[in-house]
Amino acid sequence: MTRLSFHAYAAAARAETFAVMQGWLREETLGLPAVMRTCMADYPARGGKALRPLLLRLFGEGLGASPERCARLGAACELFENWALACDDIMDDSLLRRGKPAIHRLYGRETAMNSMAALTAIMPRLLYRSCGLPPRLYGPVLEQFYDSTLEALGGQHLELSWRARPLAEFGARAYFAIASAKTASYTTVGTARLGAILAGRRDLFPAVDRFGLALGKAFQLMDDILDVESEGGGAFGKALGNDLLEGKKTLLAALALKKMKGAERRRFEVFYEPGRARPRKEALWAREAILRSGAAAACRRRAAELSGEALSVLRADLVPAMKEPFREYILGFVMLLKERAA
514 MTRLSFHAYA AAARAETFAV MQGWLREETL GLPAVMRTCM ADYPARGGKA LRPLLLRLFG
574 EGLGASPERC ARLGAACELF ENWALACDDI MDDSLLRRGK PAIHRLYGRE TAMNSMAALT
634 AIMPRLLYRS CGLPPRLYGP VLEQFYDSTL EALGGQHLEL SWRARPLAEF GARAYFAIAS
694 AKTASYTTVG TARLGAILAG RRDLFPAVDR FGLALGKAFQ LMDDILDVES EGGGAFGKAL
754 GNDLLEGKKT LLAALALKKM KGAERRRFEV FYEPGRARPR KEALWAREAI LRSGAAAACR
814 RRAAELSGEA LSVLRADLVP AMKEPFREYI LGFVMLLKER AA
């Protein structure tokens, strides 16, 4: 049997994830109004990087779990991710997602919210009967899935609570508290834990948590950096300046503010004032001010340090428990992020 390269494996896993999700949505939404079915399937149809199911599969298959169970549970995680993105966009009143109008701008706020509520209603059934889980695994998987969900929602609350506070009060402690809860909980820690559960290796949770927490923080830092630096938006396909238009508090913005003086500092503070309209012209100015400040380089260094921490835990405590080629694949997964931060 020909051994796939990491990139070929990742591409095949991504294609399978979206095929499984779309099949579920066709089957599980029969009987709902057509507009709800279309709304529920919209974000999954737009694609995405599907990094969460990939990480789950790397851990699960690497530790000896059934590839089919890993693939299907990974698809459930990606479906949850699309639900989370839709809810995030509704709360933020985002303009775009993956290059197209955000879901509530296409279908209306009420329809979007109701459709996302329907999506949460089918999740327990998907986990119970569509992921191939034996009775001994269903309970632990469900518990972990919802623990990660609740922690992510708590992180979203922390982020929302900062909207009414000035940027000058925001710093690394608040930023990493949000990143740990909102991003790491289900992007890295939760998905890696699910893979370990499928493989019967919950004894690895302490190492998985250290790995996932460091990697999740690095991932969020890099997404924020790319959102400002790239021509086409961040790692999740957000439009250029979208986070700036929303006045989202980031470590990047907080560090940039610290480096500013005089009129530039005041203008930047005013831009981030709660409840303020942020014209696109001002958002583009704020973007250039951040890039001039050197804050991106500082955040990139911190992301590289965190990726290095994750890599150290992986090599010392997790890779030895894995089989090939997944030892190579999981190292490749983390190295991609580390190199992006370099």
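All residue numbers for the sequence shown refer to this note's numbering, where the first residue is 514 and numbers rise by one. Ideal Cβ placement from N, Cα and C applies to all residues, glycine included.
From this set, the options, which residue's C-alpha is nearest residue i's C-alpha?
i: Gln657; options: Cys600, Pro637, Pro580, Asp740; result: Pro637
i: Cys583; options: Glu529, Ala554, Glu540; result: Glu529
i: Gly713; options: Lys836, Phe732, Leu650; result: Leu650
i: Phe724; options: Ile691, Glu818, Gly652; result: Glu818
i: Val832; options: Leu608, Ala705, Phe781, Trp596; result: Ala705
i: Met629; options: Pro557, Ala809, Tyr785, Ser820; result: Pro557
i: Ile803; options: Leu517, Leu757, Leu707, Ala547; result: Leu757
i: Lys774; options: Ala681, Val702, Leu824; result: Ala681
i: Arg815; options: Leu827, Glu841, Phe572, Gly729; result: Gly729
i: Phe689; options: Leu765, Pro614, Leu797; result: Leu765
i: Ala526; options: Ala588, Asp555, Leu576, Cys552; result: Ala588
i: Ala829; options: Arg779, Asn755, Ala720; result: Ala720
i: Ala532; options: Phe519, Met549, Ala563, Leu543; result: Ala563
i: Leu739; options: Leu717, Thr763, Asp716; result: Thr763
i: Leu850; options: Glu786, Val826, Leu734; result: Leu734
i: Ser806; options: Val741, Leu646, Ala554; result: Val741
i: Tyr699; options: Val847, His520, Leu666; result: Leu666
i: Leu639; options: Lys772, Ala578, Gly708, Glu541; result: Glu541
i: Gly561; options: Gly612, Ala578, Cys552; result: Gly612
Helix or strand or just coil, what does DSSP make of residue i?
i: Arg815; result: helix
i: Leu609; result: strand
i: Arg778; result: helix
i: Thr763; result: coil
i: Arg805; result: helix
i: Leu758; result: helix
i: Ser628; result: helix
i: Ala526; result: helix
i: Ala731; result: helix
i: Ser825; result: helix
i: Arg793; result: helix
i: Leu518; result: Checking the sequence shown, residue 518 turns out to be Ser, not Leu. Note: Ser518 maps to coil in three-state DSSP.
i: Glu837; result: coil
i: Gly725; result: helix
i: Met773; result: coil
i: Gly845; result: helix
i: Gly747; result: Only weak support exists for where Gly747 lies, its pLDDT of 41 falling under 50; the coordinates are left without a value.
I'd like to confirm the pairing. Which residues does DSSP put opposite residue i in its beta bridges?
i: Pro614; result: Leu609
Taking the straight line between their C-alpha atoms, what separation do you get for residue i and residue j?
i: Glu856; j: Phe732; result: Only positions 514 to 855 of the chain appear in this structure, which leaves residue 856 out of reach.
i: Ala524; j: Asp736; result: 21 angstroms
i: Arg570; j: Pro648; result: 20 angstroms
i: Arg516; j: Tyr522; result: 9 angstroms
i: Met534; j: Ala634; result: 15 angstroms
i: Ala808; j: Leu768; result: 6 angstroms
i: Thr701; j: Trp675; result: 24 angstroms
i: Phe781; j: Arg565; result: 35 angstroms
i: Gly788; j: Glu759; result: 10 angstroms
i: Phe668; j: Asp722; result: Before going further, note that residue 668 is Gly rather than Phe in the sequence given. Approximately 17 angstroms between the Cα atoms of the pair.
i: Ser607; j: Ala834; result: 42 angstroms
i: Leu726; j: Gly575; result: 20 angstroms
i: Ala697; j: Glu664; result: 9 angstroms
i: Arg791; j: Pro679; result: 15 angstroms
i: Leu770; j: His670; result: 24 angstroms
i: Gly750; j: Ala694; result: Only weak support is given to the placement of Gly750: the predicted model assigns it a pLDDT of 41, under 50, and the value that follows is read from those uncertain coordinates. Using only the alpha carbons, I get a separation of about 22 angstroms.
i: Asn755; j: Asp602; result: 11 angstroms
i: Thr551; j: Arg618; result: 14 angstroms
Give a yes or no on whether 8 angstroms exceeds the smallest Cβ distance from residue i to chain B.
i: Leu844; result: The structure shown contains no chain B; it holds only a single protein chain.
**OP:** Any chance you could list the alpha helix (DSSP H) runs of at least 4 consecutive residues sitting entirely within the stretch 538-599, in chain order?
**Re:** 547-558, 564-575
Original post:
Quick one: complete alpha helix (DSSP H) runs, 4+ long, within the stretch 637-694?
Top reply: 648-674, 685-691
Subject >> Complete alpha helix (DSSP H) runs within the stretch 693-718 (minimum length 4 residues, chain order) >> reply: 703-711
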